[in-house]
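Quick mapping for you: the protein sequence lines, in order, are chains A and B. Numbering-wise (the numbering used here), the first sequence opens with residue 1 and increments by one. Numbering-wise (the numbering used here), the second sequence opens with residue 388 and increments by one.
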Amino acid sequence: MSAVTGSASAQATLQGAMEGDRLRLTAAGAWTADYARTLEPQIDAQSQPPRRKTVTRVEIETSRIGQLDTFGAWLIERLMRAWQARGVTVEVTGLPENYRGLVAEMNQVKLETDDDVGRPRPLRDAFAAIGRAVYEISHYATGFLQMLGAVLVAMGRVIVRPQTFRLTSMVHHLENVGWRAVPIVLLITFLVGCIVAQQGIFQFRKFGAAVFVIDMVGVLVLRELGVLIVCIMVAGRSGSAYTAELGSMKMREEIDALRTMGFDPIEVLILPRILALIIAVPILTFLGSMAALYGGGLVAWLYGGIAPEVFLSRLKESISLDHFKVGMIKAPFMALVIGIVACVQGMETKGSAESLGQQTTASVVESIFLVIVLDGFFAIFFASIGM
Amino acid sequence: MAQGEREETAIRPAHPETVIRVRDLVVGFGRKLIINHLDLDVYRGQILGFVGASGAGKSVTMRTVIGLLPKRSGTIEVFGVNLDTATPEQRQAVERRWGVLFQNGALFSSLTVRQNIQFPMREYLRISERLLDELAAAKLEMVGLRPDVGDKYPSELSGGMTKRVALARALALDPEIVFLDEPTSGLDPIGAGDFDELIATLQRTLGLTVFMVTHDLDSLHTVCDRIAVIGDGKILVDGPMETMLASDHPWVKEYFSGKRSRAHAARRRSA
Ligand SMILES: Nc1ncnc2c1ncn2[C@@H]1O[C@H](COP(=O)(O)OP(=O)(O)O)[C@@H](O)[C@H]1O
Ligand SMILES: [Mg+2]
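Encoded structure:
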């Protein structure tokens, strides 16, 4: 640094004085980031002529600047530009040698012409948002169908050439989405079974028909509750994990890398995941239904005073194998929907961390929604074929 | 001083102010020691080139100095502040005076380039929106990017642009030290040359101290005032280019005087 180093005061100032039609601005102190906040208003104040005076020349005296960084250099530049825009000649004097490069550098800075971008326009933005939402729905619908098609094709290929199937990968995912989900699924379905039985007994007692709770629990759990609760759990637990895994692989170009090595990401990443779900969800549904029935039976016994033998024999009479089959038939289809949605959302992830979060949320919300919609269609279907 | 054993040259400023002083640093993962009793000084206003084989521990050293990795033993002083005994306020004051360019940019992916550059400014300086925008444009200009890059997201940038934006963010608060981890890797030779020039210019205009991990022989020749070579967890050789060329450590010899580097020197002469 030059000889002025010693004079660096703790303040940054800009003072103006008129000399005829010449404005002499004296800059002093530390023109650095820390003082940018106090300097900016001073700069703006000195960017216009004093009242009832005309200025034809401006001199910025900088020899008393003790320290200068990009913040200060830019403010000098801003001051110069403001005067130049008024057609006034500006001259910077006394700039220490070592800061010349920096100030010259600032001279090159081009500020954007911000006429259209950035300014908010509520009405336009609202319409744009609606349009984008509509577009996105159709986009996701086609994405879903494309993924479904691609997975089915990949499945076909694997059936023809079983040696290409990634068994290890599938077993790995099966452990994560199936085996490790067993405790929480058992616990939740057990609790739901208990609650349904308790509510049923409580309400049916009014009609003196508490024993019908067994019919209700049996039918409800086997046909609907077991599979729905398991699917919601799986969508939240494993669907989100799939989306996050695939999304972060997408972000780091791992999927592109796979493609360039001649691997099909559908075959390597997606098919094993979806097949793992298709295997795991029916098993979990079965286990969950049993846990719910167990919970229902326990509550019926302890709270409703219905002995286990009565519960079992009544259950045997009231439910047919059809009820059980309805639940179990639905499970793999639900699994397919959850898996496809999770994978589509994962592959849709853009480069940012925020996008990954959005896709994961969308994956869970969408798959739960679709599972319930699909359940409705199944209800109509089974009713019409009399199951 | 422990540096006594190392090769040193007389070419050294009369009173170099040490801004980073590393003594007896040991860093390891599990049972493996990566850095084994390393001593290193970085002087104010110097551009230090930090070289070594891939996996020698250059990034680990840098990350330990800036406090991202724990060390087993040793002391690290930055601006004379021992980072182990510093209060959180002292530490933050030190952190505000350095800027870091990570090997892969480490830009915040959900912020635009402009927001990335403004991020530290917003945090530390309470300045107007207008000044923030102007300074983001100024920083982009300094690293040789057009102002409209400011609206892009990091995922939309090329490798070279990412490095430049990351440098702009590292320089956001006009730090006194910048740590650069392989700033020119992944850039084309012209881009890398520009980048070197940029660093040299910034060093001159801002009086920066630069700690640069690099493999780029061009950078080492043109911008580095001093070179430190790391190997076996220690500094093998430390000094200007002449010291490197005179060294008889096999790796250093191969690196600076090997075939690749001779071809390189020939190219530089003919250019
Ligand atoms: N977080 C970590 N855990 C375990 N080992 C690591 C970690 N980071 C780096 N290493 C190891 O430390 C060594 C040095 O790494 P690094 O400093 O990144 O090398 P380079 O000199 O190429 O930058 C390497 O052997 C690497 O495997
Ligand atoms: Mg490295």
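Glycine residues also receive a C-beta, built at the ideal position from the N, C-alpha and C atoms. What you are looking at is a predicted structure, and each value in this text was computed from that prediction instead of being measured.
Quick one, are the C-beta atoms of residue i and residue j less than 8 angstroms apart?
{"i": "Val414 of chain B", "j": "Thr474 of chain B", "result": "no"}
{"i": "Leu271 of chain A", "j": "Val160 of chain A", "result": "no"}
{"i": "Leu607 of chain B", "j": "Thr601 of chain B", "result": "yes"}
{"i": "Val447 of chain B", "j": "Val429 of chain B", "result": "no"}
{"i": "Val92 of chain A", "j": "Ala73 of chain A", "result": "no"}
{"i": "Leu23 of chain A", "j": "Ile43 of chain A", "result": "no"}
{"i": "Leu519 of chain B", "j": "Arg509 of chain B", "result": "yes"}
{"i": "Ala341 of chain A", "j": "Ser313 of chain A", "result": "In the sequence as presented, Ala is not what sits at residue 341 of chain A; that position holds Val. No, these two residues do not count as a Cβ contact at 8 angstroms."}
{"i": "Ala300 of chain A", "j": "Ala209 of chain A", "result": "no"}
{"i": "Gly247 of chain A", "j": "Leu356 of chain A", "result": "yes"}
{"i": "Gly573 of chain B", "j": "Leu420 of chain B", "result": "no"}
{"i": "Ile214 of chain A", "j": "Ile188 of chain A", "result": "no"}
{"i": "Ile338 of chain A", "j": "Leu277 of chain A", "result": "yes"}
{"i": "Val371 of chain A", "j": "Cys231 of chain A", "result": "yes"}
{"i": "Gly531 of chain B", "j": "Leu585 of chain B", "result": "yes"}
{"i": "Ala154 of chain A", "j": "Glu267 of chain A", "result": "yes"}
{"i": "Phe582 of chain B", "j": "Thr571 of chain B", "result": "yes"}
{"i": "Leu494 of chain B", "j": "Ala553 of chain B", "result": "yes"}
{"i": "Arg64 of chain A", "j": "Val88 of chain A", "result": "no"}
{"i": "Val109 of chain A", "j": "Glu77 of chain A", "result": "yes"}
{"i": "Pro265 of chain A", "j": "Arg259 of chain A", "result": "yes"}
Could you give the C-beta distance for residue i and residue j, rounded to a whole number, given that I count them as a contact under 8 angstroms?
{"i": "Trp638 of chain B", "j": "Glu563 of chain B", "result": "With 8 angstroms as the limit, Trp638 of chain B and Glu563 of chain B do not qualify as a contact, their Cβ atoms being about 32 angstroms apart."}
{"i": "Ile617 of chain B", "j": "Gly444 of chain B", "result": "6 angstroms"}
{"i": "Leu79 of chain A", "j": "Gln46 of chain A", "result": "7 angstroms"}
{"i": "Met106 of chain A", "j": "Ala525 of chain B", "result": "6 angstroms"}
{"i": "Val177 of chain A", "j": "Ala280 of chain A", "result": "5 angstroms"}
{"i": "Pro61 of chain A", "j": "Ala27 of chain A", "result": "Note that residue 61 of chain A is Glu in the sequence shown, not Pro. Confirmed, about 7 angstroms."}
{"i": "Thr588 of chain B", "j": "Gly101 of chain A", "result": "7 angstroms"}
{"i": "Arg501 of chain B", "j": "Asp561 of chain B", "result": "That pair is no contact at about 17 angstroms."}
{"i": "Leu222 of chain A", "j": "Phe324 of chain A", "result": "5 angstroms"}
{"i": "Pro534 of chain B", "j": "Leu111 of chain A", "result": "7 angstroms"}
{"i": "Gly288 of chain A", "j": "Leu191 of chain A", "result": "About 11 angstroms; that fails the 8 angstroms criterion."}
{"i": "Ala353 of chain A", "j": "Ser542 of chain B", "result": "At roughly 10 angstroms, the Cβ-Cβ gap does not stay under 8 angstroms, so Ala353 of chain A and Ser542 of chain B are not in contact."}
{"i": "Ile514 of chain B", "j": "Arg556 of chain B", "result": "Rounded, the Cβ-Cβ distance is 16 angstroms, inconsistent with contact."}
{"i": "Thr285 of chain A", "j": "Val227 of chain A", "result": "5 angstroms"}
{"i": "Val326 of chain A", "j": "Met261 of chain A", "result": "That pair is no contact at about 44 angstroms."}
{"i": "Phe416 of chain B", "j": "Phe598 of chain B", "result": "Incorrect: roughly 22 angstroms between the Cβ atoms, too far for contact."}
{"i": "Val219 of chain A", "j": "Ile329 of chain A", "result": "In fact, because the Cβ distance is near 15 angstroms, the residues do not count as touching under 8 angstroms."}
Going by DSSP, what residues sit across from residue i in a beta bridge?
{"i": "Trp31 of chain A", "result": "A:Leu68"}
{"i": "Leu427 of chain B", "result": "B:Val409"}
{"i": "Met548 of chain B", "result": "BP columns for Met548 of chain B are empty, so no partner."}
{"i": "Lys621 of chain B", "result": "B:Gly618"}
{"i": "Arg613 of chain B", "result": "B:Leu435"}
{"i": "Ser460 of chain B", "result": "B:Val413"}
{"i": "Val468 of chain B", "result": "B:Val465"}
{"i": "Lys419 of chain B", "result": "B:Phe416"}
{"i": "Trp485 of chain B", "result": "B:Ile564"}
{"i": "Leu23 of chain A", "result": "A:Met18 and A:Val58"}
{"i": "Thr596 of chain B", "result": "B:Ile564"}
{"i": "Ala12 of chain A", "result": "A:Gly29"}
{"i": "Gly626 of chain B", "result": "B:Ile614"}
- Item | Residues of the stretch 526–540 of chain B with Cβ closer than 9 angstroms to any Cβ of chain A, in chain order | Lys526, Leu527, Glu528, Met529, Arg533, Pro534, Asp535, Gly537, Asp538 and Tyr540
- Looking at chain A, which residues of the stretch 585–601 of chain B have a Cβ within less than 8 angstroms of any of its Cβ atoms? Thr588, Arg591, Thr592, Leu593 and Gly594
- For the stretch 195–249 of chain A, which segments carrying the alpha helix (DSSP H) assignment without a break, of at least 4 residues, lie completely within its bounds, in sequence order? 213–220 and 226–234
- Message: Extract the residue ranges of the alpha helix (DSSP H) inside the stretch 293–370 of chain A, only unbroken runs of 4 or more that lie entirely within it.
- Response: 308–318 and 321–347
- Where in the stretch 35–87 of chain A do unbroken runs of the alpha helix (DSSP H), each at least 4 residues long, occur, reported from the N-terminal end onward? 36–45 and 70–85
- Write down every uninterrupted run of the alpha helix (DSSP H) in the stretch 511–543 of chain B whose length is 4 residues or greater and which is fully enclosed by it, in chain order. 516–529
- Short-range partners of chain A found in the stretch 510–523 of chain B, where Cβ spacing is below 9 angstroms: Tyr511, Leu512, Arg513, Ile514, Ser515, Arg517, Leu518, Asp520, Glu521 and Leu522
- Within 8 angstroms of chain A by C-beta, residues of the stretch 558–570 of chain B in sequence order: Leu558, Leu560 and Asp561
- Task: Taking a Cβ distance cut-off of 8 angstroms, strictly less, list which residues of the stretch 90–105 of chain A are near chain B, in chain order.
- Result: Asn98, Tyr99, Gly101, Leu102 and Glu105
- Could you name the residues of the stretch 447–478 of chain B whose beta carbon sits closer than 7 angstroms to any beta carbon of chain A, in the order they occur along the chain? none
- Item | Short-range partners of chain A found in the stretch 541–554 of chain B, where Cβ spacing is below 9 angstroms | Pro541, Ser542 and Glu543
- Which residues, in chain order, does the stretch 489–505 of chain B contribute to contact with chain A at a C-beta distance below 9 angstroms? Phe495, Ser496, Ser497 and Leu498
- Task: Entirely within the stretch 80–165 of chain A and at least 3 residues each: give me those beta strand (DSSP E) ranges in chain order.
- Result: 89–93
- Task: Using a Cβ-Cβ cut-off of less than 8 angstroms, list which residues of the stretch 341–367 of chain A approach chain B; keep chain order.
- Result: Lys350, Gly351, Ser352, Ala353, Glu354 and Ser355
- Kindly provide the ranges of any alpha helix (DSSP H) runs that are 4 or more residues long and lie completely inside the stretch 253–285 of chain A, ordered along the chain. 254–260
- Identify each residue in the stretch 58–75 of chain A for which the Cβ-Cβ distance to at least one residue of chain B is less than 7 angstroms, and report them in chain order. Asp69, Thr70, Phe71 and Trp74
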